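To start, the structure itself, in structure tokens.
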Amino acid sequence: MNSQDIGNNIEMNFFKFYTRITQVKLLGRVSRNVKELSEALANVPSASIYHHTHRYLEQHRYFSPEHPNDFSYWINNSLGLKKLGELVASLDIFQFRDIEDLRRELIKILKDYLVKTPSLRNCIPGEEFNFLSSRIFIIPTNFTAKNLEEFKDCIGKASIHSIYFHMFEARVRLKKGDNDFSYWLRTTGYPGLADRLSRFDPYTYTLEGIRRKIIEAVTQQMQSDAAHK
Amino acid sequence: MLHINEYRSIVGNQVIDELYILAEKLKGFSITNVNSTAMGGGVAEILNRMIPLMRNLGLSVFWEVIKGDDVFFDITKKIHNGLHGVEVSITRQEFKHFLEINQKNSEDFKNWADIMYIHDPQPIGLVKKRKQFKNKWIWRCHIDFSKPQRDIWLFLKKFIEKYDASVFSAPAFSRRLSIPQVLVAPSIDPLSDKNKELEQGFIDSVLSRFGIDKDKPIITQVSRFDYLKDPVGVIKAYRLVKKYTDCQLVLAGGGAKDDPEGQKVLKEVMDEAEADKDIFVLLLPSDSNLEINALQRASSVILQKSLKEGFGLTVCEGLWKEKPVIAGAVGGIPLQIAHKYSGILTYTVEGTAYWIKHLLHEPEYAKILGQHGKQHVKNNFLITRHIQDYLLLFLSLFNRDDEVNL
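Residue numbers (the working numbering), protein chains in the order written: chain A, 14 to 242; chain B, 76 to 481.
Now the structure itself:
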């Protein structure tokens, strides 16, 4: 298999669950203030922007941190810019299907701030923003579903990394435009359920919350199917 | 000797199964680790534990130790200090001697592998051999690299950039380099003597041996007697707490022997502790892992009030035991603690005292912090994650894509 085949998880209407492991790369690039952050954001690879805006989702899998991305956390805690930090924290990441759009929006917020702010505030030495990036290694799991019941069972058992991969990585990092589950559900005759999962903003839940939410939606679909039989 | 499968009960089958899948992709490759000491020090400790586990996964992993004279190790000690901001002077002659020892080792060396994994600066010059063997080379920096002295950095950089990849322990250690840099955080071994589960009877016997009252709250800091660990600040925080809540303080550590500064710090700590019978300053031998484990497990609150820190793995050790940990927000500590969720980050003696009181008075909240902390360590800082990172690192030498389908 080569990288072109990444995430080809649907075979003969079976849903094959994959998972992925992340390697964190260091870019050796630091920012000390908002201007430097804005300049760096324009130049770092898209995998870096993805990493800094999605890392929290997996690391804090049972709670939603106050600052759901590294940029807002740093702006708030190391620069002490509460208002700007909140603006960056509240960014509606779900609306972006392409990291490049997210990059543009982040830079726009920072540039708007810079236009209105005459003086720059540097962080204290040692608290610079260190740019990271990541690469993913995708591996198959033993979970395969060929109907809704098996799908629900797999969602309950699959690792949080597998759910994360199909919900977030497929949609944004692998640029499929939608999550893998919705794509499969559409091909298996559940467009309503697929739309429901597509509309649901996973960024505002913890990963365990997402698991529960999917199971809940699938259960309701199964109950509705049973009632109409 | 522990087998990798024994970690299944701790991290789950999936994590171990994934390690086997990754290792399978590395079948046929040989890997040789090279460092400068077989015993003592963090690098030797982790290699001693990790290499047998990697072999369990089917990997051909070897470990070689370079040889050097006293002058060489004096120079490498200076390099070590110069990398984390201490002003040192290394002469041309010393740099030359450093290179000669590396050259001599490379001539005597037999175990050249497909992947050469070089740990820390001491054997860094072996990479000169890469042209001859056309193999892959990784340089792993275990030490605090936050403020490297310029001449030392420029000297090392010439070698580092000859490698295929470099590895650092914290984002702040990263530098502008022409080769890929990978982040691999340190780890703890949950089945080691320092971290494994202990019988309550053993814990009680350790307390009794040191004269510590098991029925009175215990605040503990385990660390070397070093200014940067602020043991005197810990005593001051304890005194602020003691005014309101009866408790005991345990300061346990080693490192004072053969270390003039350590002895000075220890004396200051003893002076500060004076005749307080509830302060226990324990100078423990380096093999006191079970005792340290017992002291941590008996504690109500664990401190790591560092003023400067490389990574600060004692925080992970405390969290793994489900203890509420209060630590200085320095070095790698904020990576281990999310403030008020999986522990407490503080900056001052007063702040530390405030949170000790709070946690002693609110044991339910303290318990939740400990539970979250343990989960965080389980997800991010166990030896199995460390092995996984290394396997990915080896695989990444052969595939530079950002998305790799295995």
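All C-beta atoms, glycine included, are put in the ideal place defined by N, C-alpha and C. Just so it is clear, the structure is predicted and the values come from calculations on it, not from any experiment.
Cutoff 7 Å: residue i Cβ touching any chain B Cβ
i, result
"Q236 (chain A)", "no"
"Q36 (chain A)", "yes"
"I137 (chain A)", "no"
"N143 (chain A)", "yes"
"L39 (chain A)", "yes"
"R45 (chain A)", "no"
"N148 (chain A)", "Checking the displayed sequence, the identity of residue 148 (chain A) turns out to be Arg instead of Asn. Answer yes: the Cβ-Cβ gap between R148 (chain A) and chain B drops below 7 Å somewhere."
"I227 (chain A)", "no"
"S172 (chain A)", "yes"
"I151 (chain A)", "yes"
"A60 (chain A)", "yes"
Below-7 Å beta-carbon distance, residue i vs any chain A residue
i, result
"S249 (chain B)", "yes"
"E439 (chain B)", "no"
"V136 (chain B)", "no"
"I213 (chain B)", "no"
"V242 (chain B)", "no"
"E478 (chain B)", "yes"
"L252 (chain B)", "yes"
"P246 (chain B)", "yes"
"L481 (chain B)", "yes"
"L467 (chain B)", "yes"
Own chain partners of residue i with C-beta closer than 7 Å, once the 5 adjacent residues on each side are dropped
i, result
"P153 (chain A)", "K29, Y31"
"F243 (chain B)", "C216, F220, S249, Q256, L258"
"I287 (chain B)", "I293, Q323, V325, F355"
Simplified DSSP assignment, three categories, for residue i
i, result
"Y243 (chain A)", "Nothing in the structure corresponds to residue 243 (chain A), since chain A is present only between 14 and 242."
"I254 (chain B)", "coil"
"R45 (chain A)", "coil"
"I263 (chain B)", "strand"
"R148 (chain A)", "strand"
"E384 (chain B)", "coil"
"T389 (chain B)", "helix"
"I328 (chain B)", "Reading off the sequence shown, one finds Gly at residue 328 (chain B), where the question assumed Ile. G328 (chain B): strand per DSSP, three-state reduction."
"N480 (chain B)", "strand"
"A171 (chain A)", "coil"
"H78 (chain B)", "coil"
"L472 (chain B)", "coil"
"M190 (chain A)", "Reading off the sequence shown, one finds Gly at residue 190 (chain A), where the question assumed Met. DSSP places G190 (chain A) in coil when its eight states are reduced to three."
"S417 (chain B)", "coil"
"T130 (chain A)", "coil"
"F355 (chain B)", "strand"
"A240 (chain B)", "strand"
"K121 (chain A)", "helix"
"A53 (chain A)", "helix"
"H159 (chain B)", "strand"
Same chain only: Cβ atoms within 6 Å of residue i, ignoring 5 sequence neighbours per side
i, result
"I85 (chain B)", "P265"
"E140 (chain A)", "S91"
"V163 (chain B)", "K153, N156, G157"
"S181 (chain B)", "L201, K204"
"G143 (chain B)", "I176"
"L434 (chain B)", "V376, P399, A441"
"L133 (chain A)", "N46, K48"
Which residues DSSP lists as bridging residue i, in chain order
i, result
"F148 (chain B)", "The partner list for F148 (chain B) (beta bridge, DSSP) is empty, contrary to what the question assumes."
"Y31 (chain A)", "A:P153"
"W212 (chain B)", "B:M191"
"E139 (chain B)", "B:V109"
"K38 (chain A)", "A:S146, B:V257"
"G445 (chain B)", "Note: G445 (chain B) sits in no beta bridge, so no partner."
"L457 (chain B)", "B:I263"
"K222 (chain B)", "B:H159"
"A158 (chain A)", "A:F28"
Close Cβ partners of residue i (< 8 Å) along its chain, the five nearest in sequence each way excluded
i, result
"S381 (chain B)", "S298, L303, K304, D305, G387, A402, G403, V405, G406, I408"
"S59 (chain A)", "I112, E113, R116"
"V344 (chain B)", "F300, P306, V307, I310, L326, V356"
"T427 (chain B)", "G308, V309, A312, L378, K380, I401, T421"
"L468 (chain B)", "I213, A240, V242, V257, V259"
"L472 (chain B)", "I190, K211, I213, D239, A240"
Residue-chain proximity (residue i, chain C), Cβ-Cβ < 7 Å
i, result
"F28 (chain A)", "As a matter of chain content, chain C is missing from the structure shown, whose protein chains are A and B."
Q) In chain order, what residues of the segment 76-100 of chain B put their CB closer than 7 Å to some CB of chain A? A) Going along the segment 76-100 of chain B in chain order, one finds Q89, E93, I96 with a Cβ nearer than 7 Å to chain A.
Q | Proximal residues, the segment 92-110 of chain A versus chain B, C-beta separation under 8 Å | A | Residues passing the 8 Å Cβ filter: none.
Q: Return the residues of the segment 182-216 of chain A that lie within a Cβ-Cβ distance of less than 9 Å from chain B, sorted by chain order.
A: Under the 9 Å Cβ criterion, the segment 182-216 of chain A contributes E182, R186, L187.
Q. Can you list, in chain order, the residues of the segment 250-277 of chain B whose Cβ is nearer than 7 Å to any Cβ on chain A?
A. Of all residues in the segment 250-277 of chain B, R250, R251, L252, P255, Q256, V257, L258 have a Cβ within less than 7 Å of some Cβ in chain A.
Q) Relative to chain A, which residues along the segment 381-397 of chain B have a C-beta separation below 8 Å, given in chain order? A) So the list is empty, because no residue satisfies the distance condition.
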